[in-house]
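Residue numbers (my numbering): 1463 to 1586.
Note that CB positions come from ideal geometry on N, CA and C, so glycine has one too.
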């Protein structure tokens, strides 16, 4: 395989990289959309049951409510400005990082989203 890859012209390697980035983006987007759908269904079921929020006993015996509800970042909306043509590979890589964080319900979502807005949507 290495010999085959080495014999390919450089533009073929660039095309392969672009395809890999696009495939990764599409796979992650579909996964996040499926998780969002499952989360919406779960919330509908919870509304019917009228469950209470999760609380724990903190230091000193006081009740505290957890601040991070599972699925919090699945509801994130990524702003997108449609440009002529398809998004660049770099833009797709940034969006893929955000989608990955959303899928994992990571607390990195707000900072990744802020960086995306400042660097891609509103560059100076």
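On a CA-only basis, which of the options is nearest residue i? Give me that one, please.
i, options, result
"residue 1487", "1580, 1570, 1562 and 1569", "1562"
"residue 1532", "1502, 1567 and 1549", "1567"
Our contact map puts residue i next to residue j with C-beta atoms below 8 Å; I'd like the distance itself, whole angstroms only.
i, j, result
"residue 1554", "residue 1484", "6 Å"
"residue 1579", "residue 1560", "Going by Cβ atoms, the distance from residue 1579 to residue 1560 rounds to 10 Å, so no, they are not a contact pair."
Measure the C-alpha to C-alpha separation of residue i and residue j and round it to an integer number of angstroms.
i, j, result
"residue 1573", "residue 1542", "16 Å"
"residue 1480", "residue 1551", "6 Å"
"residue 1586", "residue 1508", "45 Å"
"residue 1492", "residue 1506", "21 Å"
"residue 1545", "residue 1511", "45 Å"
"residue 1582", "residue 1549", "11 Å"
"residue 1575", "residue 1494", "16 Å"
"residue 1502", "residue 1584", "31 Å"
Whose C-beta lies closer than 6 Å to the C-beta of residue i among residues of the same chain, with five residues either side of it excluded?
i, result
"residue 1498", "1536"
Apart from the five residues just before and just after residue i, which ones in its own chain have a Cβ nearer than 8 Å to its Cβ?
i, result
"residue 1571", "1535, 1538, 1560, 1563 and 1564"
"residue 1504", "1533"
"residue 1547", "none"
Once the 5 residues before and after residue i are set aside, which same chain residues still bring their CB inside 7 Å of it?
i, result
"residue 1490", "1558, 1561, 1562 and 1565"
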